[in-house]
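Below: one structure, written as structure tokens.
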Amino acid sequence: MKSLGVHSLSSVLRIIVSVCFYAQAAFFVVLLLIITGQLWLQGERQYTWPVAFTAPAVQKAEKVSQGISAVSLKATEGQLSFNGKNHWQLELFTMLGIALVFGTSLFVTLQLKRILSSFVRDKPFLSQNAGRIKAIGIALLLYSVVSAFFGWFYVHFLNTRFAAELNVHFTLHWDFVFLLMGLLVLVIGEIFRIGAQLQEEKALTI
Amino acid sequence: MLLLGHRFIRWACFLALFLIVVQLLLGIEWLWGDIQRYRTGDALDAIRGYRYSIWEILRDFSVVLSGILVLLLLLRIFISFKNDRIFDAVNIRRLRSVGWIYLGYAAVRIILLVIIITCVVRVSGTLPLLHRLAYGLAPVSGYVLYGLIVWVVAAVFREGLQLQEDQELTV
Numbered sequence: 001m002k003s004l005g006v007h008s009l010s011s012v013l014r015i016i017v018s019v020c021f022y023a024q025a026a027f028f029v030v031l032l033l034i035i036t037g038q039l040w041l042q043g044e045r046q047y048t049w050p051v052a053f054t055a056p057a058v059q060k061a062e063k064v065s066q067g068i069s070a071v072s073l074k075a076t077e078g079q080l081s082f083n084g085k086n087h088w089q090l091e092l093f094t095m096l097g098i099a100l101v102f103g104t105s106l107f108v109t110l111q112l113k114r115i116l117s118s119f120v121r122d123k124p125f126l127s128q129n130a131g132r133i134k135a136i137g138i139a140l141l142l143y144s145v146v147s148a149f150f151g152w153f154y155v156h157f158l159n160t161r162f163a164a165e166l167n168v169h170f171t172l173h174w175d176f177v178f179l180l181m182g183l184l185v186l187v188i189g190e191i192f193r194i195g196a197q198l199q200e201e202k203a204l205t206i
Numbered sequence: 001m002l003l004l005g006h007r008f009i010r011w012a013c014f015l016a017l018f019l020i021v022v023q024l025l026l027g028i029e030w031l032w033g034d035i036q037r038y039r040t041g042d043a044l045d046a047i048r049g050y051r052y053s054i055w056e057i058l059r060d061f062s063v064v065l066s067g068i069l070v071l072l073l074l075l076r077i078f079i080s081f082k083n084d085r086i087f088d089a090v091n092i093r094r095l096r097s098v099g100w101i102y103l104g105y106a107a108v109r110i111i112l113l114v115i116i117i118t119c120v121v122r123v124s125g126t127l128p129l130l131h132r133l134a135y136g137l138a139p140v141s142g143y144v145l146y147g148l149i150v151w152v153v154a155a156v157f158r159e160g161l162q163l164q165e166d167q168e169l170t171v
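As you go down the protein sequences, you meet chains A and B in turn.
Following UniProt numbering, the residues of the first sequence are numbered contiguously, the last one being 206.
Following UniProt numbering, the residues of the second sequence are numbered contiguously, the last one being 171.
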């Protein structure tokens with residue numbers, strides 16, 4: 001199977017990335033609708049947050065602080081579930097977390113989709129592609145740094161609100177793979193820029 | 001061109017090596033830890049016995065081995081950039097090897113996942129829930145995708161090599 005052009009590996013990947021992009025976008029919209037709908041209709045909603053911690057297998061607490069109840073920590077799932085009512089801090093953390101993950105993911109898949117479209121047209125070395133790849137690299141680096149800062153505040157919030165009642169200690173889980181990937185993608189972007197230069201020089205020679 | 005310069009590559013290599021060593025140290029924690037402990041976020045680890053830990057050690061070993069191989073190949077590619085010959089036939093082969101390693105690793109993960117699930121079924125007498133199976137398969141599909149993307153990048157490098165050779169012939 002050829003790698004570039006129509007009916008190639010690139011076209012298969014473009015379809016996969018496009019499906020991922022639209023599925024993510026749809027999921028993001030549905031998630032926002034559910035969150036805002038629950039808040040408007042019920043005033044209270046159930047939160048499920050991903051957490052890393054050191055603790056026994058399952059912990060439960062009926063009420064930890066004002067506006068937070070039915071707290072359950074599932075060690076095997078790495079999840080903290082609880083009900084919250086009119087709590088702006090909970091909403092802020094939920095929205096920021098969702099915006100950070102979906103924002104980066106949607107941006108990266110959109111750029112990938114555009115890059116793969118140019119591969120399908122058999123034009124890999126475009127100056128736009130070099131820019132898109134660099135943008136992906138910068139997005140990954142920013143994600144890595146911002147998620148580390150966000151994670152620090154998130155863990156601090158969890159430890160002040162839930163740790164004592166649940167008898168656990170929440171820990172920061174920072175994945176530096178995104179930092180490495182960002183650097184790697186920046187280098188690939190530079191290679192594409194050189195390729196685009198070669199392509200332009202060839203076009204001028206002809 | 002500054003990004004591909006000697007200093008950047010050296011620092012990128014050092015950073016990558018430092019981070020991979022940290023990752024390895026975190027990854028081989030089980031060597032001195034309690035092997036039957038619960039690990040957060042991994043549903044299949046909830047049911048675990050010493051008899052079946054060999055498959056988990058193999059799973060961790062495949063992570064480390066494939067990680068080292070990919071890193072070595074990438075380092076050799078980066079180091080070859082020092083010669084200012086970006087598009088090179090050897091680099092294309094290295095990139096294709098990286099793609100194969102990703103696909104091979106995904107295959108190993110699938111085989112080990114099947115074995116671990118069989119072990120879980122023997123111990124618990126029940127089949128893991130579907131979403132738990134999906135949890136185990138999700139990273140595998142990611143590695144297949146990475147492998148295919150690296151192959152496409154290798155094909156782009158081949159195009160670049162042709163352009164580079166055309167330019168050298170023109171000059």
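Note that beta-carbon positions come from the ideal geometry of N, C-alpha and C, so glycine has one too.
Contacts around Q173/A, its chain only, beta-carbon distance under 6 Å, and the 5 residues preceding and following it disregarded = Per the sequence shown, the amino acid found at residue 173/A is His instead of Gln. Correct list, in chain order: A52.
Chain B partners of T205/A, CB-CB under 9 Å?
-> D166, Q167 and T170
For the alpha helix (DSSP H) that residue 274/A lies in, which residues bound it at each end?
-> Given a span of 1 to 206 for chain A in the structure shown, any question on residue 274/A remains unanswerable.
Are S11/A and V120/A touching if we call contact CB-CB under 8 Å?
-> yes
Round the Cβ separation of I133/A and F192/A to the nearest angstrom and send it over; I've been treating them as touching at under 8 Å.
-> 5 Å
The alpha helix (DSSP H) with F153/A in it runs from where to where?
-> S127 to L158
Would you please verify whether the beta carbon of E201/A is less than 8 Å from any beta carbon of chain B?
-> yes
Same chain, Cβ closer than 8 Å to G151/A, five either side skipped, listed in chain order = L172, H173 and W174
Residue burial classification, Y143/A (beta-carbon count within 10 angstroms, cutoff 16) | buried
In chain order, what residues of the same chain lie with their CB nearer than 7 Å to the CB of A139/A, ignoring the 5 residues before and after it?
-> T104, F107 and V108
Are the C-beta atoms of V95/B and some chain A residue less than 8 Å apart?
-> For the sequence presented, residue 95/B should be read as Leu rather than Val. No - not a single Cβ of chain A is within 8 Å of the one on L95/B.
Is there a Cβ from chain B that is less than 8 Å from the Cβ of A23/A?
-> no
Can you tell me whether DSSP reads I68/B as helix, strand or coil?
-> helix
Check the Cβ-Cβ distances between T40/B and every residue of chain A, and say whether any is below 8 Å.
-> Reliability fails at T40/B, whose pLDDT of 38 lies under 50, so the model's placement of it is uncertain and the value that follows must be treated cautiously. At least one chain A Cβ lies under 8 Å of T40/B.
Residues that A107/B contacts on chain D, provided the C-beta gap is smaller than 7 Å | Checking the listed chains, one finds no chain D in this structure; the protein chains it contains are A and B.
Three-state class that DSSP yields for K123/A in the structure shown = coil
Using the Cα positions of I161/A and V168/A, report the straight-line distance between them to the nearest angstrom.
-> Contrary to the premise, residue 161/A reads as Arg rather than Ile in this sequence. One C-alpha to the other measures close to 11 Å.
Rounded C-alpha distance that separates V108/B from I115/B = 11 Å
Whose C-beta lies closer than 6 Å to the C-beta of L158/A among residues of the same chain, with five residues either side of it excluded?
-> F170
Anyone know if the C-beta pair for I194/A and I79/B falls short of 8 Å?
-> no
Closest by CA to L184/A, which one among S141/B, L73/B, S62/B and F61/B?
-> L73/B
Which value, in whole angstroms, describes the spacing of the CA atoms of L186/A and I136/A?
-> 8 Å
With DSSP collapsed to three states, give me the class of residue 187/B.
-> Lying outside 1 to 171, the shown extent of chain B, residue 187/B is not represented and no answer is given.
To the nearest angstrom, how far is it from the Cα of S117/A to the Cα of A164/A?
-> 52 Å
Cα-Cα separation between G160/B and L204/A, rounded to whole angstroms = 16 Å
Note down the Cα distance separating Q79/A from Y47/A, rounded to an integer number of angstroms.
-> 10 Å
So, helix, strand or coil for N83/A, using DSSP?
-> strand
Q162/B and E201/A look like a contact to me (Cβ under 8 Å); what is the Cβ gap, rounded to whole Å?
-> So it is not a contact: roughly 13 Å between Cβ atoms.
Under a CB-based cut-off of 8 Å, is G160/B close to chain A?
-> yes
Pairwise C-alpha distance: A148/A and P50/A = 15 Å
Check whether the Cβ of I149/B lies closer than 8 Å to any Cβ atom in chain A.
-> yes
Would L4/A count as contacting chain B if we go by Cβ distances under 8 Å?
-> yes
Return helix, strand or coil for W49/A, following the three-state DSSP convention.
-> strand
Starting from the C-beta of S18/A, find all residues in its chain whose C-beta is less than 8 Å away, skip the five residues before and the five after it, and write them out in chain order.
-> K113
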